[in-house]
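Before any comments, here is the structure.
In the numbering used here, the protein residues as written are 1 to 206.
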């Protein structure tokens, strides 16, 4: 069984649980993902399957990938990801991974690219405290002292400084899978799903 499925973050809404409590959820359009390649210990040294997600025009696919999809006998897909499996011999090219496989799953791990924040200061990036706002202070949002004078006479490595924030690979674990809609290929997840709207995410059984 393939434990991972690819999807696209749609947005947020709210649903009611069995006790009529309002539950805020993130809607993810997941799958269907088609297996485009199977790797085994005999052929590649490890067991894995390659799954694809998302439609793409054939004119947008380069020639090496056209040959790859033609060899597998599947339609071209926009995104390809490799997923480790217990035994590659149990899978074959053309198998479909859908949200129905997650019907009995309670928790999932979601991996995606976080929202890019650009260049940010230490207060937003590292939660530094502000300086005094009154009495003539000119140090409201400055980082302050960054090193020692005589020794080591340099800025130590790893010091929290202003810089680029966000736009990095993030995995949020053990999010509650509230509901699965197999007809519309939707998953409702409670918790912080990384990325903005329409962002590509990977959902793995926790």
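The beta-carbon is built from N, C-alpha and C at its ideal position, and this holds for glycine as well. None of the values given here were measured: they were computed from a predicted structure.
- When only Cα atoms are considered, residue 10 and residue 180 end up about 14 Å apart.
- By DSSP's assignment, residue 7 forms a beta bridge with 30, 201.
- Judged by their CB atoms, residue 108 and residue 177 are nearer to each other than the 8 Å cut-off.
- Taking a 10 Å sphere around the C-beta of residue 88, we find 16 or more other C-beta atoms and assign the residue as buried.
- The C-alpha of residue 41 is placed about 23 Å away from the C-alpha of residue 33.
- Sorting 159, 50, 141 by C-alpha distance to the C-alpha of residue 148 places 159 at the top.
- A distance of 8 Å or more separates the beta carbons of residue 194 and residue 134.
- The three-state reading of DSSP puts residue 128 in coil, since its state is none of H, G, I, E or B.
- Out of 118, 14, 126, 203, the CA that lies nearest to the CA of residue 167 is found in 118.
- The residue among 164, 116, 163 with its C-alpha nearest the C-alpha of residue 197 is 116.
- Under the DSSP assignment, residue 71 falls in the alpha helix (DSSP H) whose first and last residues are 63-72.
- Under the 10 Å beta carbon count, residue 144 is surrounded by fewer than 16 other beta carbons and is classified as exposed.
- Rounded to the nearest angstrom, the gap between the Cα atoms of residue 69 and residue 75 is 6 Å.
- Secondary structure of residue 181 (DSSP, three-state): strand.
- Judged by DSSP secondary structure, residue 48 falls within the beta strand (DSSP E) whose first and last residues are 48-55.
- With contacts defined by Cβ atoms closer than 8 Å, residue 110 and residue 175 form a contacting pair.
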